[in-house]
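Asks:
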Amino acid sequence: MEQLRFGFGGEERPAPKRPGPPNRMNDLSYKDWMKFQKSFFRHHSSQALVEECICFFTKAVWPDGEPSRCLIIGFADIDPSRIPAPRLVDAHNRCDSFDGVGRLLLEAEQAGLTYDFIFIDLRRLIVDEESLTTYLTGYADVVSRALRRLLAPRRYCGLVVGAPGPGGAGFPLPWSVAVASRRHLRLRDEKVGLVEGEGRIYYCLFLQADDDGRPADPLTPRGVRLARAGRPIPAWTTPKPPPRRPNEILHPAKYPETLVAEFLDLFTEPGDRVFDPMVGTGRTVVAAIRTGRHGYGVELTPHYTGIARERVARERAQPSPSGAHPVGLIVQGDATRLDGIPELAGLQFDYVVTSPPYWSMLTNPGSENQRARRQRNLPLVYSDDARDLGNIEDYDTFLALLQSVYEQVAAKLVDGGHLTVVVKNVKRDHILYPLAWDLVRRLCGADGKYDYVGTTLWCQDDVGMKPFAVGIHWVSNIVHTYCLHFRKR
Ligand SMILES: C[S@@+](CC[C@H](N)C(=O)[O-])C[C@H]1O[C@@H](n2cnc3c(N)ncnc32)[C@H](O)[C@@H]1O
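Structure (structure tokens):
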């Protein structure tokens, strides 16, 4: 996994050479640019984080001869003198209150300053539900408006927000901060820092000076809950799946059985019934059978239903070490109308794990998946069926339908049973649509059928980085996926 590694090391470095058109954004080599594009990293030090971000989001000197100017607030233990001239860095290490942050921004505005990058560490200020509420109600608007005014056109700022506790510490605090910032700034990307040894993560939220037109409706945190028998939910996992069989590569989006097996261990016992309403190539059911659970799946597309049935039959033909013969049932049907599927009538499930289409991400011609699959002549979408959730163009219509699927699932879950949804936030037209966070808000609202119990990030170390917008602007490779865990109320 990547560490942050291209700091200044206390010395001025010549701008590295890179091939291709001129780099309008920074002085990095192609290799260092690509290193930054990964959407998660192992935390090394705040100094490295700050240096890396300054290097990425600014040039030392802009083409008009002006040195770049950065404002750094709240990173207690960084040494700004290690960032060499001609860059100008206004650093305020000590900032112990939201008022302090507001005052520093106001002073900069009054001094008529404009910045090329602003980076604020809120990890010590937003630590729990109370401090989050104080920030959201009293400061978020003022801070994001000031950031917008202080940033030079098209430049970026970053907010660093901690997610205290492993996994399910209520709705993770950064989600609310990101959503609340959108009224005055454009949410461009999230990068997750993994703090090894502590099982903790934090978020770097990157925003650009522009409104992104999505409403600000922050999430409200809830109390911490744990998985079965009080077992803590891991904050992240990096499963190493075995290579895929040829007929599975045909499916555009799959998760590995090893990932499902981790969650089966966390939320179920052998002999339990496991269900996936959008089972694709049948991985949930295969993992269930392999670990001595009964597996049931629904899939819309006849083609993938066939592949799933084949795989399940193969798995069931394997000798079972426990002597048990788990059920493995794959039904072709529509997840938006679960009640209309006779094979499921009267069944109750102990656990549901599933991954929906990530909105219409597959039909987005600019998406990384589309480009890579077109090159290999593989199918670009699941189907052309109008009932396929991946074919719904409007984001809010898609979310409402997905919510209805999981509400129908709740009727088939035992009381207190868990649901895990594996999903990504989606980028479209230079905006981050926080699908994962929006889904949590919809399912766990006042009338919701579920409580949120935590998130495990599935961090993919084994995928190559793609050179999106190198030299032009900041577009990360999203290689972390949200595994959102819920419990039926
Ligand atoms: C992300 S994939 C699931 C992949 C699966 N977890 C695997 O590892 O193979 C989403 C699946 O949902 C299916 N799907 C989309 N709309 C559906 C609907 N209305 N009912 C049932 N399945 C649907 C798609 O055909 C696709 O196979």
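For the working numbering, add 242 to where a residue sits in the sequence shown, where the first one is 1. Think of the CB as a built atom: it goes at the ideal place given N, C-alpha and C, for glycine as much as any other residue.
Ligand 1 heavy atoms versus the CB of glutamate 765: any closer than 8 Å?
Replies: As displayed, the chain neither begins before 243 nor continues past 731, which places residue 765 out of reach and without an answer.
Asks: Mind checking whether the beta-carbon of valine 521 lies closer than 8 Å to any heavy atom of ligand 1?
Replies: Yes, ligand 1 has a heavy atom inside 8 Å of this Cβ.
Asks: Starting from the C-beta of histidine 334, find all residues in its chain whose C-beta is less than 6 Å away, skip the five residues before and the five after it, and write them out in chain order.
Replies: The residues are Ile315 and Leu346.
Asks: Comparing the CB of glycine 575 with every heavy atom of ligand 1, is any distance shorter than 8 Å?
Replies: Under cutoff, so the answer is yes.
Asks: Quick check: the stretch 557-572 against the stretch 631-651, are there 3 or more CB pairs under 8 Å?
Replies: Too few Cβ pairs lie closer than 8 Å, so no.
Asks: Let me confirm a value: valine 331 is counted as buried when at least 16 other C-beta atoms fall within 10 Å, else exposed. Which label applies?
Replies: Classification for valine 331: buried.
Asks: Beta-carbon separation of leucine 677 and lysine 730 under 9 Å?
Replies: Contact flag unset, no.
Asks: Can you find a heavy atom of ligand 1 that lies under 8 Å from the Cβ of proline 598?
Replies: For ligand 1, at least one heavy atom lies less than 8 Å from the Cβ of proline 598.
Asks: Using the beta-carbon count (16 or more within 10 Å), is valine 665 buried or exposed?
Replies: Buried, because 16 or more other Cβ atoms sit within 10 Å of the Cβ of valine 665.
Asks: For valine 569, tell me which candidate among Ile531, Lys669 and Trp716 has the shortest Cα-Cα distance.
Replies: With distances taken between Cα atoms, valine 569 lies closest to Ile531.
Asks: Scan the stretch 531-613 and note each continuous alpha helix (DSSP H) run of 4 residues or more that stays entirely inside, going in chain order.
Replies: Runs of the alpha helix (DSSP H) inside the stretch 531-613: 544-558.
Asks: Give the straight-line distance between the Cα atoms of glycine 252 and glutamine 645, rounded to the nearest whole angstrom.
Replies: Model confidence at glycine 252 stands at a pLDDT of 40, short of 50, so the residue's coordinates are unreliable; what they give is reported in the following sentence. For glycine 252 and glutamine 645, the distance between alpha carbons rounds to 52 Å.
Asks: If you compare alpha carbons, which of Asp638, Thr376 and Ser287 is closest to glycine 435?
Replies: Among Asp638, Thr376 and Ser287, the Cα nearest to that of glycine 435 is on Ser287.
Asks: At the level of alpha carbons, what is the spacing between alanine 327 and aspartate 358?
Replies: Cα-Cα distance, rounded: 15 Å.
Asks: Is proline 395 helix, strand or coil when you go by DSSP?
Replies: Strand, per DSSP.
Asks: Measure the Cβ-Cβ separation of tyrosine 724 and glycine 659 and say whether it is below 9 Å.
Replies: In this structure, glycine 659 does not lie closer than 9 Å to tyrosine 724 by Cβ.
Asks: Straight-line CA distance for alanine 469 to isoleucine 475?
Replies: Legend: pLDDT at alanine 469 = 45, less than 50; position of this residue unreliable, no value from coordinates given.
Asks: Under the assumption that valine 668 contacts tryptophan 716 (Cβ atoms under 8 Å), give the Cβ distance between them as a whole number of angstroms.
Replies: Not quite, the Cβ-Cβ distance comes to about 17 Å (not below 8 Å), so this is no contact.
Asks: Would you list, in sequence order, the uninterrupted alpha helix (DSSP H) runs of no fewer than 4 residues that lie entirely inside the stretch 328-355?
Replies: Those alpha helix (DSSP H) runs which fall completely within the stretch 328-355 and span 4+ residues are 340-352.
Asks: If you compare alpha carbons, which of Ala577, Asp638, Lys654 and Phe282 is closest to arginine 442?
Replies: Among Ala577, Asp638, Lys654 and Phe282, the Cα nearest to that of arginine 442 belongs to Phe282.
Asks: What residue does the beta strand (DSSP E) around arginine 515 start on, and which one ends it?
Replies: 515-518 is the span of the beta strand (DSSP E), which, as asked, contains arginine 515.
Asks: Kindly indicate which three-state DSSP category lysine 301 falls into: helix, strand or coil?
Replies: Coil at lysine 301, not helix or strand.
Asks: I'd like the list of long-range same chain contacts for phenylalanine 191, defined as Cβ closer than 6 Å, with 5 residues on each side in sequence excluded.
Replies: Residue coverage of the chain in this structure runs from 243 to 731, which leaves residue 191 outside it and unanswerable.
Asks: With burial defined as no fewer than 16 other Cβ atoms inside 10 Å of the residue's Cβ, what is the status of aspartate 680: buried or exposed?
Replies: Under this definition aspartate 680 is a buried residue.
Asks: Tell me where the beta strand (DSSP E) around leucine 198 begins and ends.
Replies: Residue 198 cannot be examined here, being either before or after the span of the chain that is shown, 243 to 731.
Asks: Return yes when the C-beta of glutamate 372 is under 8 Å from any heavy atom of ligand 1, and no when it is not.
Replies: False, no ligand heavy atom lies under 8 Å from that Cβ.
Asks: Report the option in Leu571, Phe299, Leu427 and Gly344 whose CA atom is closest to the CA atom of arginine 266.
Replies: That would be Phe299, whose Cα lies nearest to the Cα of arginine 266.
Asks: Could you check if lysine 301 belongs to the surroundings of ligand 1, using beta carbon to heavy atom distance under 8 Å?
Replies: Lysine 301: no, Cβ never under 8 Å from ligand 1.
Asks: Straight-line CA distance for arginine 324 to methionine 603?
Replies: So the two alpha carbons sit approximately 42 Å from each other.
Asks: May I ask you to report which of helix, strand or coil DSSP gives isoleucine 362?
Replies: The answer is strand: DSSP assigns isoleucine 362 an E or B state.
Asks: Check whether the stretch 690-698 touches the stretch 707-721, taking contact to mean three or more Cβ pairs, one atom from each stretch, closer than 8 Å.
Replies: The stretch 690-698 vs the stretch 707-721: no contact.
Asks: How close, in whole Å, do the beta carbons of proline 414 and threonine 697 come, if the pair is a contact with beta carbons under 8 Å?
Replies: Right, the Cβ-Cβ distance comes to about 7 Å (below 8 Å), so this counts as a contact.
Asks: Helix, strand or coil for tyrosine 444 per DSSP?
Replies: Strand at tyrosine 444.
Asks: Return the residue from the list Arg430, Tyr444 and Arg473 that minimises the CA-CA distance to aspartate 452.
Replies: It is Arg430.
Asks: Any heavy atom of ligand 1 closer than 8 Å to the beta-carbon of tyrosine 624?
Replies: Correct: tyrosine 624 has its Cβ closer than 8 Å to ligand 1.
Asks: Give me the DSSP bridge partner(s) of tyrosine 675.
Replies: DSSP lists Val668 as partners of tyrosine 675.
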